[in-house]
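Input: a single structure, listed below in structure tokens.
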Amino acid sequence: MIRFENVALRYGTGPEILSDISFDLHPGSFYFLTGKSGAGKTSLMRLLYLRKRPTRGLMTILGEPIHELKRKELIPLRRDIGMVFQDFRLLDHLSIFDNVALPMRVAGRPDQETQNDVEELLNWVGLGDHMHSKPPLLSGGQKQRVAVARAVITRPKLLLADEPTGNLDDQIGTRLLHLFDELNRLGTTVIVATHNMGLVSRFGHPQLHLSNGQLTVIPSDKPESLYA
Amino acid sequence: MNDFLQKLFPNKNGKDRPYDLPLHRGNGGWLLSWIIALMTYMIIVSVALFMIVNNISDQWTSGLDGRLTIEINHDIAQRKDTQSNIDEFLQSAENTDGITAQRLSDTDIFSLIEPWFGGALAADDLPLPILIDVEFIGPTNQQQQAMADIQALVDTHIPEARIDTHQQWLNSILAISKTLQLIALTLAMIILFTAIAAILGATKTHLALHEDKVDILHMIGANDSYIAKQFQKQTFHLAAEGSFLGFVFVVITFWSLKSGFQSMEQSFIPQFEFGLLNWIIIALLPYFIALVAMFTSRLTVMRSLKSLV
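Structure (structure tokens):
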């Protein structure tokens, strides 16, 4: 599903933010990406959602060797990756419905199918009554649910979330993680970048831990050991 | 005005839904519309100037082509035998194939010089020459022979007369009209390139302003063409508004000019009328400008997006 072999990333001529990252994730797995601020979580996420190419190393995502793919060949791959950000990144001038429908329209899905799927999903995340509202009118928790709905509307094989609970209180954050768990049970591979170790220990999924640009895979039974 | 344009050109991304990127009038798009309106106005006026000069020079050249004038100056015209010589010339010309010749009356000659001297002068006040208008009525390939015949007749009957083939006049007129046409076309091209530069600048500004939103579209799997379409549709929309406005201003200007010329009793400037083809070109120019704006926007976005992974 996802394989990194000695992957490194640097910005411009600066130092390597990530060095010799190697790991292998299987389909349907759920991982937390942890590490202190500046450890390189966002940079690793950028590699995963194909916003950056590695400076060196071999990277395979959804079975595709990224280093071999041309620019336009990355486009269909992106449609199989859902992404949720801490700051939601919704388009404020569009309604909730249009925000969630965007990935389907981009993929050229028929209007009727888009209409049905978006309505169904918005009802599922509890925003059926807010379809025609615009993001600035929603609370943080509601915005995050819209962001999740947009990320999963095309049933992606891989769901990435970069600090998705960072702007939410604990209770809403926990509910959001339950939502990710539910999507994971439906077969979606999930990677959640977070520095909230309380959530990590509560859900007990394995971790990809980043420290000084190096990555360690930590099984689910010992999440706190590196923070002692 | 903006409300009116909003109703005339509803700003939607088709099927009654908004564009994915908010490049609307409220975000400075109105400025682009007005720039395009101004550019459209100037381009159409330049192209119209080209067509007017072309039409006028056509009128002049077609009126003089295949004709010549025989001029007998006032002093020679006063001689006793001149009249009989002219009559003999006209008689001989009438018997020559491919030629018609007609002496202009004093009234005709006076009407020719009236625009310069006004209507207050009497015919006796000026030493008017005798003018004979000759027209070649045969096929074009026989005009050279007809010309030689005329020369021979003039040499025989009125050798003091001067033959004016209007060539010098025609050459001058054609040189001036070609220069004016070249200036008009150059002006239109310069304005068009300026418009393209303005659209390119506006598109780049919008790309920078909405970089985060473009990034979201890119991230969710939009290809370059999809993103470029967002820009090109809205640019076409804004440019169509602008060029429509420019066209309206042009129509008002033409109408005012036409009314102004018609109100003049006498004019040195020949009356100009646009033909159907001219009007079709003028009517298509705003659409052409909107299309140029649209493609400029598309190419700018496509080129800029190449920098994304």
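Chains as they are written, first to last, in the numbering used here: chain X, 25 to 252; chain S, 14 to 322. Where is the CB? At the ideal position from N, CA and C, for every residue including glycine.
Run through DSSP, which three-state label would residue i get?
i        : result
Met221/X : helix
Ala215/S : helix
Pro299/S : helix
Gly81/X  : strand
Ser97/S  : helix
Pro89/X  : strand
Ile150/S : coil
His229/X : coil
Ala188/S : helix
Ala114/S : strand
Thr109/S : coil
Tyr55/X  : strand
Ala241/S : helix
Ala171/X : helix
Met160/S : helix
Ile265/S : helix
Tyr251/X : Interpretation of Tyr251/X is limited by its pLDDT of 41, a score under 50 that renders its predicted location unreliable; the figure taken from the coordinates is listed afterwards. Three-state result, Tyr251/X: helix.
Val149/X : coil
Ser157/X : coil
Ile89/S  : helix
Leu200/S : helix
Beta-carbon separation of residue i and residue j under 9 angstroms?
i        : j        : result
Ala175/X : Leu183/X : yes
Ile83/S  : Ile126/S : no
Gly259/S : Val130/X : no
Val305/S : Ala208/S : yes
Ile120/X : Met155/X : yes
Glu40/X  : Gly237/X : yes
Val241/X : Leu232/X : yes
Leu74/X  : Val227/S : no
Thr309/S : Leu213/S : yes
Met107/X : Ala185/X : yes
Leu234/X : Leu68/X  : yes
Phe56/X  : Pro230/X : yes
Ala114/S : Phe102/S : yes
Thr212/X : Gly52/X  : yes
Pro159/X : Val170/X : yes
Leu126/X : Leu115/X : yes
Ile159/S : Val60/S  : In the sequence as displayed, the identity of residue 159/S is Ala instead of Ile. No; because the gap between Cβ atoms is not below 9 angstroms, this pair is not in contact.
Thr218/X : Thr198/X : no
Determine the burial state of residue i: buried for a count of at least 16 other Cβ atoms within 10 Å of its Cβ, exposed for fewer.
i        : result
Tyr35/X  : exposed
Gly255/S : buried
Phe28/X  : buried
Glu187/X : buried
Gly132/X : exposed
Asp71/S  : exposed
Ala161/S : exposed
Thr7/S   : With chain S covering only 14 through 322, there is no way to say anything about residue 7/S.
Arg92/S  : exposed
Gln168/X : buried
Ile265/S : exposed
Ile85/S  : buried
Asp237/S : buried
Thr147/X : According to the sequence as given, residue 147/X is Asn; it is not Thr. Exposed: under 16 other Cβ atoms inside 10 Å.
Gly64/X  : buried
Gly288/S : exposed
Pro100/X : exposed
Pro299/S : buried
Pro128/S : exposed
Whose C-beta lies closer than 6 angstroms to the C-beta of residue i among residues of the same chain, with five residues either side of it excluded?
i        : result
Leu18/S  : Confidence is the limiting factor: at Leu18/S the pLDDT is only 49, short of 50, which leaves the residue's position unreliable, though a coordinate-based value still follows. Cβ neighbours of Leu18/S beyond the five flanking positions: Glu254.
Ser61/X  : none
Gly164/X : Asn191 and Leu192
Ile26/X  : Leu49 and Ile85
Ala241/S : Arg311, Val314 and Met315
Val216/X : Phe56 and Ala185
Ser46/S  : Leu251, Glu254 and Gly255
Glu107/S : none
Met307/S : Gln245, Thr248 and Phe249
Return the chain-ordered list of same chain residues with a C-beta closer than 7 angstroms to the C-beta of residue i, the five sequence neighbours on each side being excluded.
i        : result
Gln243/S : Tyr32, Asp33 and Leu34
Arg70/X  : Lys76
Does any C-beta atom of chain B lie closer than 9 angstroms to the C-beta of residue i?
i        : result
Pro159/X : No chain B appears in the structure shown, which is made up of the protein chains X and S.
In chain order, what residues of the same chain lie with their CB nearer than 8 angstroms to the CB of residue i, ignoring the 5 residues before and after it?
i        : result
Gln181/S : none
Asp44/X  : Asn30, Val31, Ala32, Gly81 and Gln238
Is residue i near the ligand MN, going by C-beta to nearest heavy atom under 8 angstroms?
i        : result
Asp237/S : With respect to small molecules bound, the structure shown includes none, and the ligand MN cannot be examined in it.
**Message:** Contact between the stretch 133–148 of chain X and the stretch 72–79 of chain X is defined here as three or more beta-carbon pairs at a separation below 8 angstroms; is this criterion met?
**Reply:** Contact between the stretch 133–148 of chain X and the stretch 72–79 of chain X is absent, because fewer than three Cβ pairs lie under 8 angstroms.
**Prompt:** Counting pairs of beta carbons, one from the stretch 185–193 of chain S and one from the stretch 96–106 of chain S, are three or more of them closer than 8 angstroms?
**Reply:** no
**Prompt:** Does the stretch 207–227 of chain S come within contact of the stretch 314–321 of chain S, defined as at least 3 CB pairs closer than 8 angstroms?
**Reply:** yes
**Asked** Between the stretch 159–173 of chain S and the stretch 47–64 of chain S, are three or more C-beta pairs nearer than 8 angstroms?
**Response** These segments do not touch.
**Prompt:** Can you find at least 3 beta carbon pairs, one from the stretch 201–221 of chain X and one from the stretch 139–146 of chain X, that sit closer than 8 angstroms?
**Reply:** no
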